[in-house]
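Okay, so here's the structure we're looking at.
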Amino acid sequence: MTVLPFNTSYNAAEEIQRAVLFVVIRAEKLVDAFQQQRRYRKTVNALNSLDSRCLADIGLDKADIEPVAKSLFK
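Residue numbers (the numbering used here): 37 to 110.
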């Protein structure tokens, strides 16, 4: 049996802290992406609910809705 030398610089608490921080950051990014997708969908739905005349008043037509919304939420 080979015995590995004891590493005095290893700190399990620090490793756990780093792992938890990694998970928290990933979770925050996932929540942010979900919220951004939700805002995008709400924007598209709101614009799609407008008639052609209202869209024309703001300089859009139906074909512009998705590209404009995508440009807002990049």
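Note that CB positions come from ideal geometry on N, CA and C, so glycine has one too.
Here the structure is a predicted model, which means the values were calculated and not measured.
Going by DSSP, what residue range makes up the alpha helix (DSSP H) through Ser88?
Ser88 to Asp93
Would you call the stretch 84-100 and the stretch 46-59 in contact, with 3 or more CB pairs under 8 Å?
no
Can you tell me whether Ala105 is buried or exposed? The criterion is at least 16 other CB atoms within 10 Å of its CB, across all chains shown.
buried
Enumerated in chain order, which unbroken segments of the beta strand (DSSP E) with a length of 3 residues or greater are wholly contained in the stretch 53-103?
none
Is Asp97 near Ser107, with beta carbons less than 9 Å apart?
no
Could you give the DSSP three-state label for Lys110: helix, strand or coil?
coil
Confirm, please, whether the CB-CB distance from Phe109 to Gln73 is below 9 Å.
yes
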